[in-house]
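**Student:**
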Amino acid sequence: MRTEPDPRQDKWRARRAVAEASGLVLLSRSTDVFENLALEDWLDANVDLRRRGVLLLWRNRPAVVIGRHQNPVVEGHLAVRLGRAALAPPSSGGGPLPPPATSTRTFFRPKKAYDRQRNLSVVTGALRRARPGLDVHATERLDVVLNGRFKISGSNATPSVPSPVANLLDHAPTLHWDELLEALVQQYNEEFGYDAVMAPVDPADELAFPGVGRLAAELRSWDWTFGRTPKFSVQSVLDLRDCSARLHVEVKAGLVQSCELDVPSHWLPRTLSAELGAALVGDRFCRQRAAAARGDAGRAAAPTVRPRGRTRLRHRLTRKTLREQ
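Okay, so the sequence shown: first residue is 1 according to UniProt numbering, each after it adds one.
Put into C-alpha cells, the structure is as follows:
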C-alpha cells in the first residue's frame with residue numbers, strides 16, 4: 001500500500017543531511033524559480049563547502065533565467081512578454097536559459113575544487129545511465145550536446161556563434177523526471193565517492209533555511225531584475241503615410257535618462273513631442289509605465305491636438321519601440 005510522504009520527515013531528513021553528510025543531495029519541492037534561486041543563494045552562503053559537496057536538484061515552471069550582468073530587455077524571451085514565463089536573473093553569473101529549460105541542477109564545491117567539466121560528466125553519465133543509447137557529451141564550451149550537434153544544456157550561445165538547440169524529451173520521450181533524478185544521484189555519488197541519499201526540501205521553509213524568504217523577495221523585485229540593467233539605447237523608426245517619425249531613448253539602471261521624439265510638425269506639434277518625451281524621463285522603461293506616461297501627456301495636451309490621428313501616433317511609436325526590444 002502506497003502512503004503519502006510525511007512533510008515532517010522531509011524536514012528532519014533535510015536538517016540531518018545538512019548537519020551530517022559529507023555529500024549532500026537536496027531535491028526542491030518547489031517549481032517557483034525565485035524560491036529555487038533563493039535556496040541556491042542560501043546554500044552558497046551558509047554551507048561549509050570545505051567539508052562537503054552539495055548537489056541541488058530542482059525544476060521550475062517556465063522561466064527565463066538570465067546572467068547577472070546581462071540586459072533583461074535584450075534577453076527577455078517572447079514568453080516573458082506574453083506573461084507565460086518568469087524572468088529571473090540569479091545572483092550568480094551565466095547566460096540566459098530560455099523556456100522550456102525547466103530542470104536544473106546546481107553543484108556546490110569549494111572554489112579551488114570546482115571543476116565544471118567534472119560536473120558536466122555527472123550529467124552526461126546520468127543520461128547515459130538512464131538511456132544507454134543516448135549520444136551525449138560535454139563540449140569545451142561547457143555545453144551538453146546531443147548527437148554531436150544539438151545543445152540540450154548550457155547558456156544561450158553568443159550571437160556570433162549560434163548553436164542549434166533541442167529538447168531532450170523529443171529524443172528520449174520515455175525518460176521521466178524521477179528516473180533522471182535517480183540516475184543523477186547515483187552518478188554524483190560514483191563520481192565524488194559519496195553515499196548521499198536524496199532529501200526533499202521546501203525552499204520556502206524559514207525554519208530550515210532562515211532568511212530564505214527575504215532572498216526570494218529580492219529576486220522577485222523590479223530593482224533586482226531591471227534596476228541593475230547596464231546602459232543601453234533604443235532607436236525606432238515608424239513609417240507614416242507621407243513621412244516617418246523617429247524615437248531615441250537612453251536607458252540606465254532600468255530608468256529612462258532621455259527621450260527624443262522627431263515627429264513632423266504637421267503630425268504632432270513640437271511642444272507636444274517634447275512634452276511626451278519629458279514625461280518618460282526618470283521613469284521605468286517598461287510597457288505599463290510608458291502607457292501611463294502616454295496617458296498623462298495626452299490628457300495634458302488634449303485641447304491642442306486632434307485626438308484620433310495624433311494620439312494614435314503616440315501609442316504606435318511607444319508600442320512599436322517596446323515590442324522591438
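Every residue, glycine too, gets a C-beta built ideally from N, C-alpha and C.
1) At what residues does the beta strand (DSSP E) containing Ser153 begin and finish?
2) Out of curiosity, what's the CA-to-CA distance linking Glu35 and Trp58?
3) What does His137 pair with, by DSSP beta-bridge criteria?
4) With a CB to CB cut of under 8 Å and the five nearest residues on each side skipped, what residues in its chain are close to Glu191?
5) List the residues that DSSP assigns as beta-bridge partners of His248.
6) Looking only at C-alpha atoms, which of Pro203, Pro230, Val145 sits nearest to His137?
7) Give the secondary structure of Thr174 by DSSP, where H, G and I count as helix, E and B as strand, and everything else as coil.
8) DSSP on Gly211, reduced to helix/strand/coil?
9) With DSSP collapsed to three states, give me the class of Trp267.
10) Give the straight-line distance between the Cα atoms of Pro264 and Val251, rounded to the nearest whole angstrom.
11) Could you check the C-alpha separation between Leu134 and Ala166 for me, to the nearest Å?
12) Which parts of the region 184-228 are runs of the alpha helix (DSSP H), unbroken and 4 residues or longer, counting only runs that do not cross its ends?
13) Going along the chain, which residues of its own chain have a beta-carbon closer than 7 Å to the beta-carbon of Gly282, five neighbours each way excluded?
14) Please check the pair Ala204 and Ser30, which I expect to be a contact at CB under 8 Å, by giving their CB distance rounded to whole angstroms.
15) Restricting to Cα atoms, I'd like to know which of Phe108, Tyr114, Asn147 is closest to Leu127.
16) Based on the DSSP secondary-structure assignment, which residues constitute the bridge partners of Trp42?
17) Here's a check: name, in chain order, each residue in its chain whose Cβ is nearer than 6 Å to the Cβ of Lys231, leaving out the five neighbours to either side.
18) Is it the case that the Cβ atoms of Ala216 and Ala63 are separated by a distance below 7 Å?
19) Just tell me which of Gln235, Ala279, Leu26, Arg214 has its CA closest to the CA of Arg105.
20) Which residues does DSSP list as the beta-bridge partners of Leu255?
21) Determine the contact status of Arg52 and Ser22, defining contact as a CB-CB distance below 7 Å.
22) Measure from the alpha carbon of Val234 to the alpha carbon of each residue in Gly227, His248, Glu260, then state which is nearest.
**Tutor:** Let me spell this out:
1) Here residue 153 corresponds to residue number 153 of the sequence shown, with the count starting at 1. 150-153 is the extent of the beta strand (DSSP E) around Ser153.
2) Taking the first residue of the sequence shown as position 1, residue 35 is located at position 35. Taking the first residue of the sequence shown as position 1, residue 58 is located at position 58. Each residue's alpha carbon lies about 10 Å from the other.
3) On the sequence shown, position 137 is the one that residue 137 refers to. Paired residues: Val145.
4) As a working mapping, residue 191 is identified with position 191 in the sequence shown. The residues are Arg118, Ser121, Val122, Gly125.
5) Position 248 of the sequence shown, counted from the start, is the residue given in the question as residue 248. Gln235, Glu260, per the DSSP bridge assignment.
6) Stepping through the sequence shown from its first residue, residue 137 is reached at position 137. The residue with the shortest Cα to Cα distance from His137 is Val145.
7) As a first step, residue 174 must be located in the sequence shown, where it is residue number 174. Here Thr174 sits in coil by DSSP.
8) As a first step, residue 211 must be located in the sequence shown, where it is residue number 211. Gly211 falls in the coil class under three-state DSSP.
9) The residue given as residue 267 occupies position 267 in the sequence shown. Coil, per DSSP.
10) Residue numbering aside, residue 264 sits at position 264 when the sequence shown is read from its first letter. Residue numbering aside, residue 251 sits at position 251 when the sequence shown is read from its first letter. In a straight line, the C-alpha of Pro264 is about 24 Å away from that of Val251.
11) Residue numbering aside, residue 134 sits at position 134 when the sequence shown is read from its first letter. Residue numbering aside, residue 166 sits at position 166 when the sequence shown is read from its first letter. So the two alpha carbons sit approximately 13 Å from each other.
12) 212-220, 222-225
13) The residue given as residue 282 occupies position 282 in the sequence shown. Contacts found: Leu255, Val256.
14) Here residue 204 is taken as the residue at index 204 of the sequence shown, counted from 1. Here residue 30 is taken as the residue at index 30 of the sequence shown, counted from 1. Confirmed, about 7 Å.
15) Counted from its first residue, the sequence shown places residue 127 at position 127. When only C-alpha atoms are compared, the closest one is Asn147.
16) For the purposes of this step, residue 42 is taken as residue 42 along the sequence shown, with counting starting at 1. DSSP lists no partner for Trp42.
17) Translated into the one-based positions of the sequence shown, residue 231 becomes position 231. Only Lys252 meet the Cβ criterion.
18) Taking the first residue of the sequence shown as position 1, residue 216 is located at position 216. Taking the first residue of the sequence shown as position 1, residue 63 is located at position 63. No.
19) Counting from one through the sequence shown, the residue named residue 105 turns up at place 105. Per the Cα distances, Leu26.
20) Here residue 255 refers to the residue found at position 255 of the sequence shown. Paired residue(s): Lys252, Arg284.
21) The residue labelled residue 52 in the question sits at position 52 within the sequence shown. The residue labelled residue 22 in the question sits at position 22 within the sequence shown. With contacts defined as CB atoms closer than 7 Å, Arg52 and Ser22 qualify as a contacting pair.
22) Position 234 of the sequence shown, counted from the first residue, corresponds to residue 234. Of the candidates Gly227, His248, Glu260, the one whose C-alpha sits nearest the C-alpha of Val234 is His248.
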